[in-house]
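Just remember that our numbering sits 5 ahead of the position in the sequence shown, which is counted from 1.
Down below is the structure, laid out as structure tokens.
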Amino acid sequence: MVYASRGDGGSLFGKGGAWRHPMRDERLRKLARLLVEYSIGAREGEQVLLSGGAAAGPLIREVYTSLLEAGAIPFVHASLPGLQERFFEHARELHYRKTPPMVRALYERADAFVNILAPTNTRALAGVDPEKQQALSRRDKELSDMVLKRDRWVLTLFPTDALAQESEMGLEEYEDFVFAAMALEEEDPVAFWREKSRRQERLKERLERAREIRITGPETDLTLSVEGRTFVNSAGTHNMPCGEVFTGPVEDSANGRIYFGVPVAVAGREVSGVRLRFENGRVVEASAEKGEEYLRSMLDADEGARYLGELGIGTNYHIPRPTRNILFDEKLGGTVHLALGRSYEATGGRNSSSIHWDLICDLRGGGEIRADGELVQKDGRFVGLELG
């Protein structure tokens, strides 16, 4: 689970990059209803913090409208391209000490949160010192803790040229990819995700009966204890798109090795071909085919960064391939992901860290997941379960 200009005309935008007015893509209206009615379940009189990049304007408008129709009280907090780069270039030591009180007050007062990612440059932070990025994460950890404890939040994405380019697609193709992953082509997406949740509950129950999970595949043979831990059925209430069942493994239980062949883009950098070896829960060997220096800086962020905070199993077969976007890639049916760092309280996990970094292992080309020796998934397909 994840907790993050056109100039050629066409697609969701008008000639020269201007928004069509009024911009009324039916899929955006469906998405807004899905986020407001299903994901956060907004109710009359509740205060909802609606955050997003300026490029997400069309979706922000639709969500704002849906919140008003639900009787909720929305507050829009939109960010501009380039502000993060300015912060890391000009911020002084005092700016890293504590979260600005005005921002903290917003989070303290909100009953629910909707966050819409819409980057216009996915590599904007590639040149920023990782230590500065980690310092900012440590500063704002209290905000993420507040959101997670409130438990009524959703993170989604609005298609931009930058994201399409990162995914090696044209924008219109990428829009179709995104909206298909969210099941917005369905007549009633809310009904789809409710049924998805019902089906995933069977997988959750199956996994919760187990004490040990074993993952095997190319360059991979890893065992984890999940005894006493809770598996979370995640079907659109926190991420959209969604489709995963996850838990927090017992902190000192990971033993073996695993190869993460799916590239991930994080903080403006690409990291791929990650190999990790665990002993008694801790990463003791690490390498990467690309981005190894950044990998090591993340592992050294704090004591908890070398331990696992999450084991997740993707169930969304509407996502056909990885796109270097963790919001989508970790949900991909036939993959398993492990997160270094912070656990989610709902799982019973106890690992504390300023980071939560998901890495993805693709089992579709040959791999297995077993629960107490019982085959749960083979070559990316679940055994005895139809998750769609």
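Heads up, the beta-carbon is just placed ideally off N, CA and C, and yes, glycines get one too.
Outcome for residue i when other beta-carbon atoms lying within 10 angstroms are tallied against a minimum of 16
i: residue 226; result: exposed
i: residue 296; result: buried
i: residue 342; result: buried
i: residue 303; result: buried
i: residue 72; result: buried
i: residue 156; result: exposed
i: residue 106; result: exposed
i: residue 47; result: buried
i: residue 119; result: buried
i: residue 377; result: exposed
i: residue 334; result: buried
i: residue 108; result: exposed
i: residue 389; result: exposed
Alpha-carbon to alpha-carbon, residue j and residue i
i: residue 180; j: residue 285; result: 43 Å
i: residue 375; j: residue 220; result: 7 Å
i: residue 229; j: residue 254; result: 6 Å
i: residue 183; j: residue 164; result: 7 Å
i: residue 337; j: residue 322; result: 6 Å
i: residue 319; j: residue 280; result: 20 Å
i: residue 210; j: residue 93; result: 45 Å
i: residue 174; j: residue 168; result: 9 Å
i: residue 150; j: residue 142; result: 12 Å
i: residue 121; j: residue 57; result: 4 Å
i: residue 5; j: residue 100; result: In the structure displayed, the chain extends from 6 to 393; residue 5 sits before or after that span and is not available.
i: residue 88; j: residue 137; result: 15 Å
i: residue 217; j: residue 233; result: 11 Å
i: residue 31; j: residue 291; result: 46 Å
i: residue 327; j: residue 166; result: 17 Å
i: residue 52; j: residue 202; result: 26 Å
i: residue 381; j: residue 102; result: 46 Å
i: residue 195; j: residue 246; result: 12 Å
i: residue 154; j: residue 144; result: 17 Å
i: residue 177; j: residue 379; result: 43 Å
i: residue 212; j: residue 391; result: 15 Å
i: residue 39; j: residue 162; result: 13 Å
i: residue 60; j: residue 214; result: 45 Å
Beta bridge counterpart(s) of residue i as assigned by DSSP
i: residue 158; result: 118
i: residue 228; result: 219 and 260
i: residue 100; result: Paired residues: none, contrary to the question.
i: residue 197; result: Residue 197 is not bridged to any residue.
i: residue 295; result: 277
i: residue 375; result: 219 and 380
Supposed contact pair residue j and residue i - C-beta distance, whole angstroms, cut 8 Å
i: residue 152; j: residue 112; result: 7 Å
i: residue 244; j: residue 332; result: 6 Å
i: residue 68; j: residue 55; result: 6 Å
i: residue 130; j: residue 317; result: Going by Cβ atoms, the distance from residue 130 to residue 317 rounds to 25 Å, so no, they are not a contact pair.
i: residue 251; j: residue 352; result: 7 Å
i: residue 276; j: residue 299; result: 6 Å
i: residue 64; j: residue 189; result: With 8 Å as the limit, residue 64 and residue 189 do not qualify as a contact, their Cβ atoms being about 12 Å apart.
6 Å CB neighbourhood of residue i in its chain, flanking five on each side removed
i: residue 387; result: none
i: residue 27; result: Confidence at residue 27 is low in this model, with a pLDDT of 37, below 50, so its placement is unreliable and the value that follows should be read with caution. Nothing meets the Cβ criterion.
i: residue 373; result: 221 and 383
i: residue 401; result: This structure gives no information on residue 401, because the portion of the chain shown stretches from 6 to 393.
i: residue 86; result: 125
i: residue 115; result: 52 and 54
i: residue 84; result: 58
Cβ neighbours of residue i in the same chain (closer than 8 Å, five flanking residues each side left out)
i: residue 314; result: 253, 344, 345, 346, 347, 348, 349, 354, 356, 358 and 361
i: residue 50; result: 76, 77 and 78
i: residue 224; result: 262, 263, 264 and 280
i: residue 135; result: 272, 299, 302 and 303
i: residue 191; result: 197
i: residue 371; result: 222, 223 and 384
i: residue 7; result: 160, 244, 331, 332, 335 and 363
8 Å Cβ cutoff, residue i in contact with chain D
i: residue 189; result: Considering every chain present, this structure includes no chain D. It has just one protein chain.
Beta-carbon proximity list for residue i, same chain, < 7 Å, skipping 5 on both sides
i: residue 312; result: 256, 286, 287 and 356
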